[in-house]
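Below is one structure, written out as C-alpha coordinates, with a few remarks after it.
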Amino acid sequence: MNMHGDFRWVEPTLDGLVCVSDTSEVGRVYEVDISYPKDLHELHNDLPFLPENSVLPGSKLSKLMATLGSRKNYVVHYLNLKQAVANKLKVNKVHRVFEFRQSAWLAQYINLNTGMRQKAVNDFEKDFYKLMNNSVFGKTMESVRKRMHMELVSSDTRVQKLINKTTCKDCKYYGDNLVAITLENKIIKFDKLIYIECLRYWKSASH
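With my numbering applied, the sequence shown closes on residue 234, and no number is skipped along the way.
Set out below in C-alpha coordinates:
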(Lines of atoms letter the chains of each structure in order from A; the text may use other names.)
(Lines give C-alpha, C1' and ligand atoms only; values in the text may rest on other atoms or scores of the structure.)
Protein backbone atom coordinates (compact mmCIF):
# COMPACT_ATOMS: atom_id res chain seq x y z
CA MET A 28 0.00 0.00 0.00
CA ASN A 29 1.34 3.42 -0.98
CA MET A 30 0.28 6.96 -0.09
CA HIS A 31 -1.39 8.80 -2.94
CA GLY A 32 -3.41 11.80 -1.79
CA ASP A 33 -5.80 13.61 0.56
CA PHE A 34 -2.92 14.53 2.87
CA ARG A 35 -4.05 16.34 6.01
CA TRP A 36 -3.27 16.89 9.68
CA VAL A 37 -5.74 15.35 12.14
CA GLU A 38 -6.24 15.39 15.90
CA PRO A 39 -3.08 14.09 17.65
CA THR A 40 -4.41 10.99 19.41
CA LEU A 41 -3.96 7.23 19.19
CA ASP A 42 -7.70 6.71 18.71
CA GLY A 43 -8.36 4.10 16.06
CA LEU A 44 -4.75 2.94 15.74
CA VAL A 45 -5.44 -0.71 16.58
CA CYS A 46 -8.45 -0.75 14.23
CA VAL A 47 -6.60 0.40 11.11
CA SER A 48 -5.69 -2.62 9.00
CA ASP A 49 -2.70 -3.15 6.70
CA THR A 50 -4.95 -2.67 3.66
CA SER A 51 -7.06 0.20 4.96
CA GLU A 52 -7.90 2.98 2.49
CA VAL A 53 -6.68 5.51 5.04
CA GLY A 54 -3.21 5.50 6.58
CA ARG A 55 -1.41 7.66 9.13
CA VAL A 56 2.03 8.81 10.16
CA TYR A 57 2.57 9.68 13.82
CA GLU A 58 5.07 11.87 15.63
CA VAL A 59 5.35 10.49 19.15
CA ASP A 60 7.41 10.23 22.32
CA ILE A 61 7.77 6.56 23.12
CA SER A 62 9.57 4.65 25.87
CA TYR A 63 10.93 1.13 26.18
CA PRO A 64 9.84 -0.48 29.48
CA LYS A 65 12.75 -2.10 31.30
CA ASP A 66 10.95 -5.42 31.64
CA LEU A 67 11.12 -5.76 27.82
CA HIS A 68 14.86 -5.16 27.49
CA GLU A 69 15.97 -8.76 27.82
CA LEU A 70 13.22 -10.06 25.53
CA HIS A 71 13.86 -7.47 22.78
CA ASN A 72 17.62 -7.18 23.21
CA ASP A 73 18.52 -8.94 19.94
CA LEU A 74 16.32 -6.75 17.72
CA PRO A 75 14.52 -3.81 19.34
CA PHE A 76 11.61 -2.09 17.62
CA LEU A 77 11.68 1.36 15.99
CA PRO A 78 15.27 1.98 14.81
CA GLU A 79 16.48 5.57 14.60
CA ASN A 80 19.40 7.63 13.33
CA SER A 81 21.72 8.56 16.18
CA VAL A 82 25.22 9.94 16.56
CA LEU A 83 27.50 7.74 18.66
CA PRO A 84 29.65 9.37 21.36
CA GLY A 85 32.92 10.54 19.81
CA SER A 86 31.56 10.33 16.28
CA LYS A 87 30.34 13.00 13.86
CA LEU A 88 28.34 10.65 11.68
CA SER A 89 24.85 9.35 12.39
CA LYS A 90 24.04 5.66 12.08
CA LEU A 91 20.79 3.75 11.95
CA MET A 92 20.55 1.94 15.26
CA ALA A 93 17.98 -0.23 16.99
CA THR A 94 18.27 0.55 20.70
CA LEU A 95 16.31 0.06 23.91
CA GLY A 96 16.25 3.76 24.73
CA SER A 97 13.37 6.24 24.62
CA ARG A 98 12.46 8.09 21.42
CA LYS A 99 11.53 11.76 21.33
CA ASN A 100 9.55 13.25 18.43
CA TYR A 101 9.84 9.94 16.63
CA VAL A 102 8.12 9.92 13.23
CA VAL A 103 6.65 6.52 12.44
CA HIS A 104 4.18 4.82 10.08
CA TYR A 105 1.02 3.55 11.73
CA LEU A 106 1.86 -0.12 10.98
CA ASN A 107 5.20 0.14 12.79
CA LEU A 108 3.63 2.00 15.70
CA LYS A 109 0.81 -0.52 15.96
CA GLN A 110 3.35 -3.34 16.02
CA ALA A 111 5.39 -1.61 18.73
CA VAL A 112 2.33 -0.90 20.89
CA ALA A 113 1.16 -4.51 20.48
CA ASN A 114 4.54 -5.57 21.86
CA LYS A 115 4.11 -3.39 24.97
CA LEU A 116 6.14 -0.29 24.08
CA LYS A 117 4.62 2.78 25.75
CA VAL A 118 3.52 5.91 23.89
CA ASN A 119 3.97 8.84 26.29
CA LYS A 120 2.82 11.64 24.01
CA VAL A 121 1.39 12.13 20.51
CA HIS A 122 2.67 15.36 18.96
CA ARG A 123 1.14 15.20 15.48
CA VAL A 124 -0.80 12.85 13.21
CA PHE A 125 -0.67 13.05 9.42
CA GLU A 126 -3.42 11.22 7.53
CA PHE A 127 -3.57 10.19 3.87
CA ARG A 128 -5.32 7.97 1.35
CA GLN A 129 -3.46 4.83 0.34
CA SER A 130 -3.77 2.01 -2.16
CA ALA A 131 -1.63 -0.50 -4.02
CA TRP A 132 -1.45 1.84 -7.02
CA LEU A 133 1.99 0.63 -8.14
CA ALA A 134 1.28 -3.08 -7.74
CA GLN A 135 -0.13 -3.68 -11.23
CA TYR A 136 2.87 -2.05 -12.91
CA ILE A 137 5.42 -3.82 -10.70
CA ASN A 138 3.72 -7.19 -11.19
CA LEU A 139 3.56 -6.67 -14.96
CA ASN A 140 7.30 -6.06 -15.22
CA THR A 141 8.05 -8.95 -12.87
CA GLY A 142 5.94 -11.27 -15.01
CA MET A 143 7.54 -10.07 -18.24
CA ARG A 144 10.98 -10.59 -16.74
CA GLN A 145 10.11 -14.18 -15.86
CA LYS A 146 9.03 -14.75 -19.46
CA ALA A 147 12.15 -13.10 -20.92
CA VAL A 148 14.19 -15.26 -23.30
CA ASN A 149 17.45 -13.29 -23.22
CA ASP A 150 19.57 -11.21 -20.85
CA PHE A 151 18.58 -7.92 -22.46
CA GLU A 152 14.88 -8.46 -21.75
CA LYS A 153 15.59 -9.64 -18.21
CA ASP A 154 17.68 -6.56 -17.46
CA PHE A 155 15.18 -4.26 -19.18
CA TYR A 156 12.17 -5.27 -17.09
CA LYS A 157 14.27 -5.25 -13.92
CA LEU A 158 15.38 -1.71 -14.76
CA MET A 159 11.78 -0.63 -15.41
CA ASN A 160 10.91 -1.41 -11.80
CA ASN A 161 14.15 -0.10 -10.30
CA SER A 162 14.00 3.17 -12.24
CA VAL A 163 10.50 3.94 -10.93
CA PHE A 164 11.75 3.57 -7.39
CA GLY A 165 14.88 5.59 -8.16
CA LYS A 166 12.95 8.50 -9.63
CA THR A 167 10.61 8.70 -6.63
CA MET A 168 13.57 9.26 -4.28
CA GLU A 169 15.59 11.51 -6.59
CA SER A 170 17.11 14.55 -4.91
CA VAL A 171 16.20 17.40 -7.25
CA ARG A 172 18.42 19.75 -5.23
CA LYS A 173 21.44 18.03 -6.81
CA ARG A 174 20.33 18.67 -10.38
CA MET A 175 22.53 20.95 -12.46
CA HIS A 176 22.05 22.82 -15.72
CA MET A 177 24.76 22.18 -18.32
CA GLU A 178 25.26 24.18 -21.49
CA LEU A 179 27.64 23.38 -24.37
CA VAL A 180 28.98 26.64 -25.78
CA SER A 181 31.16 27.54 -28.77
CA SER A 182 30.91 31.33 -28.55
CA ASP A 183 33.51 33.22 -26.49
CA THR A 184 30.96 35.90 -25.66
CA ARG A 185 28.46 33.34 -24.39
CA VAL A 186 31.15 31.55 -22.38
CA GLN A 187 32.14 34.76 -20.62
CA LYS A 188 28.52 35.63 -19.89
CA LEU A 189 27.84 32.24 -18.29
CA ILE A 190 31.07 32.21 -16.30
CA ASN A 191 30.18 35.59 -14.82
CA LYS A 192 26.94 34.21 -13.38
CA THR A 193 26.89 33.55 -9.63
CA THR A 194 25.33 30.16 -10.34
CA CYS A 195 28.33 28.97 -12.39
CA LYS A 196 29.85 25.87 -10.75
CA ASP A 197 32.25 24.40 -13.29
CA CYS A 198 33.76 25.02 -16.70
CA LYS A 199 35.45 22.38 -18.86
CA TYR A 200 37.08 22.89 -22.25
CA TYR A 201 36.84 20.31 -25.03
CA GLY A 202 39.25 21.42 -27.72
CA ASP A 203 39.53 25.00 -28.94
CA ASN A 204 35.88 25.79 -29.66
CA LEU A 205 33.68 23.81 -27.27
CA VAL A 206 33.12 24.50 -23.59
CA ALA A 207 30.83 22.66 -21.14
CA ILE A 208 29.57 25.02 -18.44
CA THR A 209 27.70 23.74 -15.40
CA LEU A 210 25.34 26.02 -13.49
CA GLU A 211 23.11 25.61 -10.45
CA ASN A 212 19.40 25.65 -11.14
CA LYS A 213 17.79 28.91 -10.06
CA ILE A 214 14.41 27.27 -9.56
CA ILE A 215 13.98 23.85 -7.94
CA LYS A 216 10.70 22.06 -8.53
CA PHE A 217 9.93 19.53 -5.81
CA ASP A 218 7.83 17.10 -7.85
CA LYS A 219 9.14 13.70 -6.75
CA LEU A 220 7.14 11.27 -4.62
CA ILE A 221 9.82 10.99 -1.94
CA TYR A 222 7.29 9.76 0.60
CA ILE A 223 7.40 6.39 -1.22
CA GLU A 224 11.01 6.04 -0.07
CA CYS A 225 9.90 6.81 3.50
CA LEU A 226 7.27 4.09 3.28
CA ARG A 227 9.82 1.57 1.97
CA TYR A 228 12.08 2.37 4.92
CA TRP A 229 9.23 1.99 7.41
CA LYS A 230 8.23 -1.37 5.94
CA SER A 231 11.81 -2.62 6.07
CA ALA A 232 11.95 -1.63 9.75
CA SER A 233 8.99 -3.83 10.74
CA HIS A 234 9.60 -7.41 11.86
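C-beta atoms are modelled at their ideal positions from N, C-alpha and C, and glycine is treated no differently.
Range covered by the alpha helix (DSSP H) that runs through residue i
i	result
E69	68–71
E178	Looking at the DSSP string, E178 is not in any alpha helix (DSSP H); the run it does join, the beta strand (DSSP E), is 175–180.
A134	134–146
R185	183–190
Sequence-distant residues of its chain with Cβ nearer than 8 angstroms to residue i (five each side left out)
i	result
V47	V53, G54, R55, Y105, K109
P75	Y63, A93, T94, L95
Between the CA atoms of residue j and residue i - distance to the nearest angstrom
i	j	result
W36	E69	37 angstroms
G17	Q135	The chain is shown from 28 up to 234; residue 17 falls before or after that span and cannot be answered.
F155	K213	35 angstroms
A174	G165	Inspection of the sequence shows that residue 174 is occupied by Arg rather than by Ala. Whole-angstrom Cα-Cα distance: 14 angstroms.
T167	W229	16 angstroms
S62	L226	23 angstroms
K216	E178	20 angstroms
N161	I137	9 angstroms
K153	N140	10 angstroms
R128	Y222	13 angstroms
K199	D183	13 angstroms
P84	A93	16 angstroms
H71	S97	14 angstroms
K87	A207	36 angstroms
A131	V102	22 angstroms
G43	S51	12 angstroms
L210	Q187	13 angstroms
G142	L220	25 angstroms
D73	K146	41 angstroms
V274	V163	Coverage of the chain is limited to positions 28 through 234, which leaves residue 274 absent and any answer about it impossible.
F34	P78	25 angstroms
A111	D150	43 angstroms
Per-residue DSSP class, three states only, for residue i
i	result
F34	strand
N214	Looking at the sequence provided, one finds Ile at residue 214 rather than Asn. DSSP places I214 in coil when its eight states are reduced to three.
D150	helix
G165	helix
I223	helix
V53	strand
V235	For residue 235 there is no data in the structure shown, the boundaries of the chain being 28 and 234.
V47	coil
Limits of the unbroken beta strand (DSSP E) element including residue i
i	result
D197	195–200
Sequence-distant residues of the same chain with beta carbon closer than 7 angstroms to residue i, five excluded per side
i	result
M30	G54, F127, Q129, Y222, L226
N119	D60, I61, S62
L41	V118, V121
Cβ neighbours of residue i in the same chain (closer than 6 angstroms, five flanking residues each side left out)
i	result
V124	V37, P39, R55, Y57
| Curious, which full-length alpha helix (DSSP H) runs of at least 4 residues does the region 63–132 contain? | 68–71, 105–113
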